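Structure first, commentary second.
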Amino acid sequence: MQQQQEAPGVLAFQQAVVQHKLVAGRCRKCNTLHVPPRPLCGACSSLDVATEELSGYGRLLGVTAIHLPPTFMQREGFGRERPYLAGVVELDEGPRITARIVCMDALKPEQIAIGARVMAMYSERNVDGKPRTWLAFGPAPQTHGSVLTRGA
Ligand SMILES: [Zn+2]
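All you need for my numbering is the position in the sequence shown, starting with 1, plus 29.
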């Protein structure tokens, strides 16, 4: 039962990513934000949760170089000699999200500044012949503001 309740929220998140948007679920009762959105508030168990678009900006809390990538990434050339980065981002709106980190040096993860401003980026890739959109985070421009387009 729980599994079925979770599905629409995660689906909404994935559908938003395809449109290059980042969404959360906001509980209308206690105001808690959940990423990805879920139909049941984890804080107060309310079912009154609305999907809300986020800015896509945040800061990097931690980052790890992955040397043993999943198969589809091995096909893209990632591996022991060419790691990729995964990190935890604290979004400006509060929630934390784990995602791939791009446009930073995976061979020198120790040189990546923790707390750095990052923004949501989207990449289109084919996985087993099907187009998929992936959410990642990369360095945000220093002068970011509301006029910048998200994920473009
Ligand atoms: Zn709540």
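Where a beta carbon is used, it is the ideal one built from N, C-alpha and C, also for glycine. Small disclaimer: the values here were computed from a predicted structure and weren't measured.
- Looking at F107, R57 and F166, the one whose alpha-carbon comes closest to that of L120 is F166.
- Within the chosen limit of 7 Å, ligand 1 does not reach the beta carbon of A79 with any heavy atom.
- Between P168 and L136, the CB-CB gap reaches or exceeds 8 Å.
- Residue state for G116 is assigned as strand, using DSSP reduced to three classes.
- Taking C-beta atoms as the reference points, L40 and E122 fail to come closer than 8 Å.
- For F166, there is no enclosing alpha helix (DSSP H); the enclosing beta strand (DSSP E) covers residues K159 to P168.
- For the pair C56 and A45, the CB atoms are not nearer than the 8 Å cut-off.
- Taking C-beta atoms as the reference points, K58 and S84 fail to come closer than 8 Å.
- Summarising the contact set, residues whose Cβ lies nearer than 6 Å to any heavy atom of ligand 1 are, in chain order, C56, K58, C59, T61, C70, A72, C73 and S75.
- Under the three-state reduction of DSSP, V147 is assigned to strand.
- Separation of M148 and G116 (C-alpha to C-alpha, rounded to the nearest whole angstrom) is 13 Å.
- Listed as beta-bridge partners of T80 by DSSP are G54.
- Around the CB of P160, fewer than 16 other CB atoms lie within 10 Å, so the residue is classed as exposed.
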